[in-house]
Amino acid sequence: MTSRPQIPTALRGARAARRLHVACLLALLTAGFAGLAPPAMAVNPDEVLADPALEARARALSAQLRCMVCQNQSIDDSNAELAKDLRLIVRERLARGETDTAVIDYVVSRYGEFVLLKPRFEGKTLILWGTPVMLLVAGGAATLLAARSRRQRPLAAEPLSAEEEGRLDQLLK
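With positions in the sequence shown counted from 1, the corresponding number in the numbering used here is that position plus 483.
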């Protein structure tokens, strides 16, 4: 029975790192291609405003508002009845001449801050905005510490077996 050749520890680490790089690259490519898919628009033809400028504003505002039924879709993308009602409210208020801010404030006053897909930068939402930055800093610090400890640690050479020493002596003669 033949034994499998031992792979040096340094090569095993390099192979694992290469596999990790390939997996990360595939994940990034998948995410990138998923982002290229066109969004589904749920706006019905009877909801569209006659004025193209007002319709563009209505679409922009609808893209900022969360559907309270679907919760992870904008009201522009959702087919829920509540989303349709909110789209109509946005269009009615814009047709009356209200500003974008006034329309958003009206919807927020009725449904709360959760209706905004992108929360406002205020004192009460500071933790929402600060957490990603803190996690990024913590991840960077952990990466630096791991790299530093790996660099300082010398690779331990495994002692040769008697058979390996014999083969080495034969090769060197």
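Cβ atoms here follow ideal geometry from the backbone N, Cα and C, with glycine treated the same way. None of the values given here were measured: they were computed from a predicted structure.
Cβ pair residue i, residue j closer than 7 Å
i: A563; j: V552; result: yes
i: R576; j: V591; result: no
i: R540; j: I558; result: no
i: L508; j: R549; result: no
i: D583; j: L544; result: yes
i: P602; j: L611; result: yes
Contact with chain D by residue i, beta-carbon distance below 7 Å
i: L565; result: Looking at the structure shown, chain D is missing, and only one protein chain is on hand.
Residue i in three-state terms, based on DSSP
i: S545; result: helix
i: S644; result: coil
i: A499; result: helix
i: A523; result: Unreliable positioning characterises A523 in this predicted model, as indicated by a pLDDT of 46, which lies under 50. A coordinate reading is not provided.
i: A624; result: helix
Those residues which DSSP pairs with residue i across a bridge
i: S557; result: R549
Cβ distance (whole Å) where residue i is taken to contact residue j below 8 Å
i: L643; j: L654; result: Not a contact, Cβ separation roughly 12 Å.
Every unbroken alpha helix (DSSP H) within the segment 572 to 607, with a cutoff of 4 residues, ordered by chain: Whole alpha helix (DSSP H) segments, 4+ residues: 583 to 594.
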